[in-house]
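Colleague: Residue numbers (my numbering): 78 to 847. Even for Gly, the Cβ is constructed at its ideal location relative to N, Cα and C. Okay, handing you the structure first.
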Ligand code: SF4
């Protein structure tokens, strides 16, 4: 059996030495990089060969890669690198890595073309100046072969270890049994669907009720499928930290396998954001600034070995390894992703613009399974990833602090910026595209600022750096601007008669085109959540393929456990709010008196919440109440939830879609009912109307309203109502307060197991819990 390794990965493993140093980054964007390569190629003769696939075996290694170019007239292999700033500032260990790669490509080419010698060139293309610097060396094929073999020899022990690990892992996963005495109701159905889809290499959208154990119900089948499908890695991605912990707990149980003599041996890695993992937030990621970046690559081999031996690497274990070896835990984690079997982290590690797990998957041709938990959050999260904002205040702050050499570029950017909204009459306006003059000014300014920052690595002008990174993100998205996004300008509050500025936004509406390649790169992906209906909405907007499978797992709960009562005599529309307050408070009091216990009452906004709460407190002072407030700290949230005890009584007031409307677990008598005084529809405002227009133009006008308003709204309602029944012994009541809940198109979005009643048709005033 051969171990396959890409030239780049091989060299990153064998040829990196010295400090971690991010001062030469960010490098050019992907598009700039491609353009740089094209610019170099355009200057080459017609005989020039680009992107040459090469491979060779050495002992049990299969090394493959793609050389940038070969000029047969000069018999010269070229490795092209694009950069910004001063080439002299490039750290020596970066250069050494480039040579290592170029010389391995050169050897592979000599072998393919039967050459005895070859010229090897590093071609550095300056994106700003559009000039190239060539560094050329002549090499005999024999010496290149030696170089190739040396690198392979340095890697081969590790490759052997990896192959042994893979065999043991696969044997362990084959023998692995479900880590609980039995599947919960519904959990087996979910697991079977996930397993089948993994075996078919078909993506899956799975709606499965809360409480059936979705985490183990998805991880177990994909791990079982790994040996049979040759899956290299499983990425378990979540929207929230709490979801990550559940996955780590499940993986700990799956790894332990107390009933089996065979260990699964899986390597588990938790990814943590840089700001949470960084040990020196006041420093920069280079050896001159941060002690944990000093000699990073020299210390890495020992730390890497210890880490893979430990196998289970959550945040705490990683930090301990980092401390023992005096190296940065954040960058160590990035390295370990290559050698792990299951990686647990936020969605952004696979789905974001510069997602590390995605780029490694593509670069290393890994076969991966992607599990996305609470996937109903993905639309909003992905929209944020593929949107970019530029604030005029940021530009002005940077302009004030910038050195004289940058003033002209920033001033002309400000001029183009202000011109772009000079004739705007409303506070918010959507434009057909980014004005050309503004786009050009941004390109010019970002180039000049980028060069300046590259030349002044120790500059600490945060306003300038913030503006630079914002401009880069904006320009990256501007490069791919299309109907999936809009460009809009919001005028910010006026001071006197003049506007104080404007915010420019490239606002993604439909993330599908960005996520499609992510799904295409995965062998298998499962998006799962308790609320993923209608599946076409999620499939269309998230870019899952047409043939993605769908499963709606039956709930383990019985209809008798939950009374769902529609209060259609009340309207919660904005214009009827004041009339709705008295009937809502009366209903809540009636329900509470009839059946005292803990309730949650949800509203569309904090304003509506306080209006109803004030009235309730005035009219029913004897009933305990507590409320969610704006910008609550973690301790306040805990205190809010602590009010819900088995033997306590009262009503918590909260906003729909907020911290208490999903992801909280209040089983038994901790929560016996909920009132939902809203349909959850996003506020009708210019941005949401623009979203509706985009949905209409992409998916057809008949879907416009549903995709922009109705489905996102009802998803929140069902999530909130889902707080009431958490186990098969819970009983409770949900009051859906609005006449529109009686509409057929709204009702068809309710969970199938709900048995809906109308308050005006019930015999018991619609308040009883059976
Ligand atoms: S500890 Fe912080 S500053 Fe130092 S290398 Fe790591 S992330 Fe960078």
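Compute the Euclidean distance between the alpha carbons of residue 630 and residue 777, then round it to the nearest angstrom.
Modeller: Taking the chain shown and counting its residues from 1, the one referred to as residue 630 is at position 553. Taking the chain shown and counting its residues from 1, the one referred to as residue 777 is at position 700. C-alpha separation (whole angstroms): 29 Å.
Colleague: If you measure from each CB to the nearest heavy atom of ligand 1 and keep those under 5 Å, what residues do you get, in chain order?
Modeller: Working through the chain, the matches are 355, 356, 357, 360, 362, 367, 369, 370, 405 and 407.
Colleague: Tell me, which residues are paired with residue 396 by DSSP?
Modeller: Position 319 of the chain shown, counted from the first residue, corresponds to residue 396. DSSP lists no partner for residue 396.
Colleague: Among residues of its own chain, excluding the 5 on either side of residue 584, which ones have a beta-carbon nearer than 8 Å to its beta-carbon?
Modeller: Indexing the chain shown from 1 puts residue 584 at position 507. So the qualifying residues of the chain are 460, 464, 562, 563, 564, 565, 764 and 767.
Colleague: Pull the bridge partners of residue 310 from the DSSP assignment, please.
Modeller: Sequence index remark: in the chain shown, residue 310 carries index 233 (1-based). Answer is 445.
Colleague: Taking 9 Å as the cut-off, decide whether the C-beta atoms of residue 824 and residue 756 are in contact.
Modeller: Indexing the chain shown from 1 puts residue 824 at position 747. Indexing the chain shown from 1 puts residue 756 at position 679. Their beta carbons are not under 9 Å apart, which means residue 824 does not touch residue 756 by this criterion.
Colleague: Grouping DSSP H, G and I as helix and E and B as strand, with all else coil, what is residue 627?
Modeller: Your numbering for residue 627 matches position 550 in the chain shown. Reduced to three states, the DSSP call for residue 627 is strand.
Colleague: Compute the distance between the beta-carbons of residue 114 and residue 157, then report whether it is under 9 Å.
Modeller: As a first step, residue 114 must be located in the chain shown, where it is residue number 37. As a first step, residue 157 must be located in the chain shown, where it is residue number 80. Closer than 9 Å, so yes.
Colleague: Pick from 153, 202, 680 and 601: whose alpha carbon is nearest that of residue 273?
Modeller: As a working mapping, residue 273 is identified with position 196 in the chain shown. Checked all of 153, 202, 680 and 601; the closest Cα to residue 273 is 601.
Colleague: Can you give me the C-alpha to C-alpha distance between residue 834 and residue 639, rounded to a whole angstrom?
Modeller: Working through the chain shown from its first residue, we reach residue 834 at position 757. Working through the chain shown from its first residue, we reach residue 639 at position 562. Going by the C-alpha atoms only, they are around 11 Å apart.
Colleague: Can you tell me the Cβ-Cβ gap for residue 313 and residue 329, rounded? I've got them flagged as a contact below 8 Å.
Modeller: Against the chain shown, residue 313 aligns to sequence position 236. Against the chain shown, residue 329 aligns to sequence position 252. Residue 313 to residue 329, Cβ: 13 Å. No contact.
Colleague: Helix, strand or coil for residue 454, going by three-state DSSP, please let me know.
Modeller: The residue given as residue 454 occupies position 377 in the chain shown. The answer is helix: DSSP assigns residue 454 an H, G or I state.
Colleague: Helix, strand or coil for residue 130, going by three-state DSSP, please let me know.
Modeller: The residue you call residue 130 lines up with position 53 of the chain shown. In this structure, residue 130 counts as strand in the three-state DSSP scheme.
Colleague: DSSP on residue 800, reduced to helix/strand/coil?
Modeller: As a first step, residue 800 is located in the chain shown; it is residue number 723 there, counting from the start. Residue state, collapsed to three classes: coil.
Colleague: Taking all protein chains shown into account, do 16 or more other C-beta atoms lie within 10 angstroms of the C-beta of residue 55, making it buried, or fewer, making it exposed?
Modeller: Outside the displayed range of the chain (78 to 847) lies residue 55, so it cannot be described from this structure.
Colleague: Quick check on residue 577 - is its C-beta less than 9 Å from some C-beta in chain C?
Modeller: The chain inventory of the structure shown lacks chain C, comprising one protein chain alone.
Colleague: Between the alpha carbons of residue 87 and residue 205, how many angstroms are there, rounded?
Modeller: Residue numbering aside, residue 87 sits at position 10 when the chain shown is read from its first letter. Residue numbering aside, residue 205 sits at position 128 when the chain shown is read from its first letter. Between residue 87 and residue 205, the C-alpha separation is close to 31 Å.
Colleague: Could you tell me which whole beta strand (DSSP E) segments of length 3 or greater appear in the segment 696–770?
Modeller: Correct list: 702–704, 727–732 and 750–754.
Colleague: Going by DSSP, what residues sit across from residue 319 in a beta bridge?
Modeller: Working through the chain shown from its first residue, we reach residue 319 at position 242. Answer is none; residue 319 lacks a bridge partner.
Colleague: Identify which residue in 449, 410, 409 and 181 has its Cα closest to the Cα of residue 425.
Modeller: Position 348 of the chain shown, counted from the first residue, corresponds to residue 425. That would be 449, whose Cα lies nearest to the Cα of residue 425.
Colleague: Give the range of the beta strand (DSSP E) segment to which residue 139 is assigned.
Modeller: For this step, residue 139 is matched to residue 62 along the chain shown. First-last of the beta strand (DSSP E) with residue 139: 138–148.
Colleague: Using only the alpha-carbon positions, how far apart do residue 373 and residue 496 sit?
Modeller: Stepping through the chain shown from its first residue, residue 373 is reached at position 296. Stepping through the chain shown from its first residue, residue 496 is reached at position 419. If you take the alpha carbons of residue 373 and residue 496, they lie about 48 Å apart.
Colleague: Alpha carbon to alpha carbon, what distance is there between residue 311 and residue 83?
Modeller: On the chain shown, position 6 is the one that residue 83 refers to. On the chain shown, position 234 is the one that residue 311 refers to. Whole-angstrom Cα-Cα distance: 20 Å.
Colleague: Please go through the same chain and pick out, in chain order, the residues whose beta-carbon is closer than 6 Å to the beta-carbon of residue 181, but skip the five residues on each side of it.
Modeller: The residue you call residue 181 lines up with position 104 of the chain shown. Here the set comprises 84 and 225.
Colleague: Using a 10 Å radius around the Cβ and a threshold of 16 neighbouring Cβ atoms, would you call residue 560 buried or exposed?
Modeller: Here residue 560 refers to the residue found at position 483 when the chain shown is read from its first residue. Classification of residue 560: exposed, given that the 10 Å Cβ count is below 16.
Colleague: May I ask you to report which of helix, strand or coil DSSP gives residue 216?
Modeller: The residue given as residue 216 occupies position 139 in the chain shown. Residue state, collapsed to three classes: strand.
Colleague: Using DSSP with H/G/I as helix, E/B as strand and the rest coil, what is residue 632?
Modeller: Position 555 of the chain shown, counted from the start, is the residue given in the question as residue 632. In the structure shown, residue 632 sits in coil (DSSP, three-state: anything other than H, G, I, E or B).
Colleague: CB residue 799 to CB residue 711, shorter than 9 Å?
Modeller: Reading the chain shown from its first residue, position 722 is the one you call residue 799. Reading the chain shown from its first residue, position 634 is the one you call residue 711. Against a cut-off of 9 Å, the Cβ pair of residue 711 and residue 799 comes out as no contact.
Colleague: Under 8 Å, with one C-beta from each stretch per pair, do the segment 244–253 and the segment 345–365 reach the 3-pair mark?
Modeller: Output reads no: the segment 345–365 does not touch the segment 244–253.
Colleague: Could you have a look at residue 847 and say whether DSSP puts it in helix, strand or coil?
Modeller: Translated into positions along the chain shown, residue 847 becomes position 770. Here the model assigns residue 847 a pLDDT of 47, short of 50, so the residue's position is not dependable, and the following value carries that caveat. Here residue 847 sits in coil by DSSP.
Colleague: Can you name the start and end residues of the alpha helix (DSSP H) that residue 612 belongs to?
Modeller: Your numbering for residue 612 matches position 535 in the chain shown. Start and end: 612–619.
Colleague: Check for me: the beta strand (DSSP E) holding residue 158 runs from which residue to which?
Modeller: Locating residue 158 in the chain shown gives position 81, counting from the first residue. First-last of the beta strand (DSSP E) with residue 158: 153–160.
Colleague: Would you call the segment 615–627 and the segment 277–293 in contact, with 3 or more CB pairs under 8 Å?
Modeller: The segment 615–627 vs the segment 277–293: in contact.
Colleague: Taking just the CA atoms, how far does residue 617 sit from residue 589?
Modeller: Taking the chain shown and counting its residues from 1, one reaches residue 589 at position 512. Taking the chain shown and counting its residues from 1, one reaches residue 617 at position 540. The alpha-carbon atoms of residue 589 and residue 617 are separated by roughly 7 Å.
Colleague: What does the alpha-carbon distance come out to for the pair residue 396 and residue 389?
Modeller: Here residue 396 is taken as the residue at index 319 of the chain shown, counted from 1. Here residue 389 is taken as the residue at index 312 of the chain shown, counted from 1. Going from the Cα of residue 396 to the Cα of residue 389 covers about 12 Å.
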